[in-house]
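Following my numbering, the numbering of the sequence shown begins with 716 at its first residue and continues without gaps. The structure under discussion appears below in the form of structure tokens.
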Amino acid sequence: MYIADVFSESELRAFGAEIPFSFRAHTTIGVGGNAEAALYPATADGFSFAVSRLRSAGIAFLVLGKGSNVLASDAGYRGVVLRTDRMRSLTLTEQGILAQCGVGVGSLLRFAAENGRGGLHFLAGIPASVGGAAFMNAGACGRYIGETIRCVTALCGENAHVFSSDECAFSYKHSLFMEQPFYILSVEFMTEFGEKKSILRDIDRVICARDRLPRGKSMGCVFKNPPDVSAGTLIEQAGLKGASVGDAVVAQEHANFILNRGKASAAQIRELIETIRMRVYAVSGVRLEEEIRYIGEF
Ligand SMILES: Cc1cc2nc3c(=O)[nH]c(=O)nc-3n(C[C@H](O)[C@H](O)[C@H](O)COP(=O)(O)OP(=O)(O)OC[C@H]3O[C@@H](n4cnc5c(N)ncnc54)[C@H](O)[C@@H]3O)c2cc1C
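Here is the structure:
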């Protein structure tokens, strides 16, 4: 079944449908084939409507935020992408901020600062959507987004359900949403009251510290850190800085980043990932596990 058999022309227009959808154009690593289509729901009801239609038609789908931690196969994805970009409302709550899943982390931090709400500065510079960051339990400087979350509203089956922070089972680069087909609609953050000036200073400090990270097309860190050692250190010790397959290169500045220096394919990046895994295992006996998420078949 095709998407045009499932949604009317006016529904596709209302969803801002992109047919086909290019992962190369919409992921930060800039590789991958196409999906049949992408839909951009603007509201939680629209999101839920799209999910329910796709499910009843038996069409596979996946949710994509900013595409900053995914590697899509060169053959693309046989299904529909639900992009959260248009779900970006932000509201102040008594103790914090309620953000829809498609809000960018940068917009969340600007809104927080404007309203004298601090405590989220450690997220500055992460090129994520709120939904993607909560799904991945993204973090930096030893802190993780899960610590700041009061609750998450997610679509479970046909209904939205509110999960307390404990129920979200956040742990290192892990959340409940990786285990169940629940889709994050919005996140309520707990914030600290503060002065706009000092909140902005905290944000700037974090952004400056990130200056050392590699520039260019990447997915951020490719591997999770094993206990007590960073994956980047292990990769460096295995002598892999600068190692490459085609245009896919291990970054000199941070060995846990793979850069697409031009026309890398997903297959080349995957080959480099396997080479890193094997060499690190041979040198240190540690088996690295990916942090990035794969889309499609490899
Ligand atoms: C230059 C660079 C720097 C980075 N620095 C950091 C860093 O400091 N710390 C860090 O933790 N990460 C970092 N990352 C990785 C990445 O930004 C994070 O993992 C981020 O949380 C991914 O968010 P996203 O919106 O891009 O998610 P996507 O890449 O779009 O999706 C990631 C996963 O989340 C799922 N998902 C997305 N939205 C939803 C939703 N609403 N409901 C359910 N599932 C959803 C997707 O299906 C996918 O499986 C970096 C990446 C880059 C490119």
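Backbone N, C-alpha and C fix where the C-beta goes; we use that ideal spot for every residue, glycine too.
One or two residues paired with Asn874 in a DSSP bridge: Residue 874 sits at position 159 when you count from the first residue of the sequence shown. Asn874 pairs with Cys871.
Cβ-based neighbour list, Phe885, same chain, cut-off 7 Å, excluding 5 preceding and 5 following: Sequence index remark: in the sequence shown, residue 885 carries index 170 (1-based). Counting only Cβ-Cβ distances below 7 Å, and skipping sequence neighbours, we find Asn852, Tyr859 and Gly861.
Distance cut-off 7 Å: Ile718 Cβ against heavy atoms of ligand 1: One-based indexing of the sequence shown puts residue 718 at position 3. With a threshold of 7 Å, the Cβ atom of Ile718 does not count as near ligand 1, since no heavy atom of the ligand is closer than that.
Cys936 - partner residues in DSSP beta bridges: In the sequence shown, residue 936 corresponds to position 221, counting from 1. Note: Cys936 sits in a beta bridge opposite Phe972.
Close Cβ partners of Pro735 (< 7 Å) along its chain, the five nearest in sequence each way excluded: For the purposes of this step, residue 735 is identified with residue 20 of the sequence shown, where counting begins at 1. These residues qualify, in order along the chain: Asn749, Ala750, Glu751 and Ala752.
Selection from Arg930, Gln967, Thr808 and Glu829 that minimises the alpha carbon distance to Ile841: Reading the sequence shown from its first residue, position 126 is the one you call residue 841. Ile841 has its Cα closest to that of Arg930, out of Arg930, Gln967, Thr808 and Glu829.
Sequence ranges, alpha helix (DSSP H) only - wholly within the stretch 725-789, length at least 4: You should have 738-741 and 759-772.
Bounding residues of the alpha helix (DSSP H) (the contiguous stretch that carries Ala827): Residue numbering aside, residue 827 sits at position 112 when the sequence shown is read from its first letter. That run of the alpha helix (DSSP H) goes Val820 to Glu829.
Option nearest Asp800 by Cα separation, candidates Ser844, Gly811 and Phe776: On the sequence shown, position 85 is the one that residue 800 refers to. If we check each option's Cα against that of Asp800, Ser844 comes out closest.
Asn975: CB within 7 Å of a non-hydrogen atom of ligand 1: Translated into the one-based positions of the sequence shown, residue 975 becomes position 260. Distances from the CB of Asn975 to the heavy atoms of ligand 1 are all 7 Å or more.
Three-state class that DSSP yields for Gly957 in the structure shown: Against the sequence shown, residue 957 aligns to sequence position 242. Note: Gly957 maps to coil in three-state DSSP.
Sufficient close CB pairs (3 or more, under 8 Å) joining the stretch 999-1007 to the stretch 774-786: With the cut-off at 8 Å, the stretch 999-1007 and the stretch 774-786 touch.
Closer than 7 Å: Ser737 CB and nearest ligand 1 heavy atom: As a working mapping, residue 737 is identified with position 22 in the sequence shown. Proximity of the beta carbon of Ser737 to ligand 1 is not indicated: no heavy atom of the ligand is located closer than 7 Å.
For Tyr996, three-class secondary structure by DSSP: The count along the sequence shown starts at 1 and reaches residue 996 at position 281. DSSP places Tyr996 in helix when its eight states are reduced to three.
Limits of the unbroken beta strand (DSSP E) element including Gln895: Here residue 895 corresponds to residue number 180 of the sequence shown, with the count starting at 1. Note, Gln895: premise wrong, no beta strand (DSSP E); not H, not E.
Among Thr758, Ala757 and Val778, nearest to Phe738 - alpha-carbon criterion: Taking the sequence shown and counting its residues from 1, the one referred to as residue 738 is at position 23. Among Thr758, Ala757 and Val778, the Cα nearest to that of Phe738 belongs to Val778.
Candidates Thr906, Ser788, Glu894 and Ala966, of which the one nearest Arg927 by Cα: One-based indexing of the sequence shown puts residue 927 at position 212. Arg927 has its Cα closest to that of Ala966, out of Thr906, Ser788, Glu894 and Ala966.
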